[in-house]
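> Position one of the sequence shown corresponds to residue 1 (the working numbering), numbered consecutively onward. Glycine included, every Cβ here is placed at the ideal spot set by N, Cα and C. Remember, it's a predicted structure, so these values are computed and weren't measured experimentally. Quick one: this structure, given as structure tokens, is what I'll be asking you about.
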Amino acid sequence: MGCLGHAREAPERLDRLDLALVLAISSLTLAFYLWFLTRKPLVYGIDGPYYLIQVRAIERTGGLKYGDPPLAFYVFYALSVLLGGDRTLGVKLGTALSAALLVPPAYRLLRLEFGRREAPAVGALAMAFSPHLLRLSCDFLKNLMGTTFLMASLCLFALSARRGSVKLALASSAFLLLSGLTHSLAFAVALGLTVLYGTVKA
């Protein structure tokens, strides 16, 4: 059997080959979404200008113009500051990073459940380049960032259930809170999946 499938039991920790796969898939995802989102100078989708308005409001007043879970907008604002005040590029970079950061928790969760490397590698790639994620990256940017926190929360919850770790459970709860500060639907889905996973594994 090839090196990608030699381990049938879920490992306690990811080894160097796992980390190399995660880094490669994450880097490929980041590069693809940066290319995809920066092909045109404008933001995409019906809601694209809404994100720019919110970031501009933070820049000018320190707060949002419209009531909404705030975290994504402040992340976009922080990135725009780092990029010299380019709000559009800040939003696009934040979106691309959100897509790329989905890969590590998705890979770890699948590795935990399947034990072998084929499933998490293929699953992470399929998720990263799925038409659904592409759709989120064009319009539903808060949903995408919230999904990243959702995946991290679910992964940490699964690890905490497997190891009986209070620290991991607290970390899972922290990411659950971050998903709620990003998008209410992402929070609801994260909470529902956590409860479902805990029920199935009980």
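Just how far apart, CA to CA, sit A72 and A161?
29 Å
> Suppose you measure from the CA of K142 to the CA of S179; what does that come to, to the nearest Å?
A direct Cα-Cα distance of roughly 9 Å separates K142 from S179.
> Classify L93: buried if its beta carbon has 16 or more other beta carbons within 10 angstroms, exposed otherwise.
Here L93 is buried: its Cβ has 16 or more other Cβ atoms, across all protein chains shown, within 10 Å.
> Which word fits A126, buried or exposed, when buried means at least 16 other C-beta atoms lie within 10 angstroms of its C-beta?
exposed
> Should I46 be labelled buried (16 or more other beta-carbon atoms within 10 Å of its own) or exposed?
exposed
> What are the start and end residues of the alpha helix (DSSP H) that includes L83?
It is not in any alpha helix (DSSP H) - L83 carries neither H nor E in the DSSP assignment.
> Spatial neighbours of Y74 within its chain, please: CB distance less than 8 Å, with the 5 preceding and 5 following residues excluded, ordered by chain position.
Short of 8 Å from the beta carbon of Y74, and not among the five residues preceding or following it, lie these beta carbons of its own chain, in chain order: I58.
> Using three-state DSSP, classify L28 as helix, strand or coil.
Three-state result, L28: helix.
> Taking a contact to mean a Cβ-Cβ separation below 8 Å, would you say L182 touches F157 in this structure?
It should be pointed out that residue 182 corresponds to Thr in this sequence rather than to Leu. No, the Cβ-Cβ distance between T182 and F157 is not below 8 Å.
> Determine the DSSP secondary structure at G48, reduced to helix, strand or coil.
helix
> Identify, in the order they occur along the chain, each residue of the same chain with its Cβ nearer than 7 Å to the Cβ of A119, setting aside the five sequence neighbours on each side.
L110
> Just reading off the alpha helix (DSSP H) that V166 is part of, what are its end residues?
166-182
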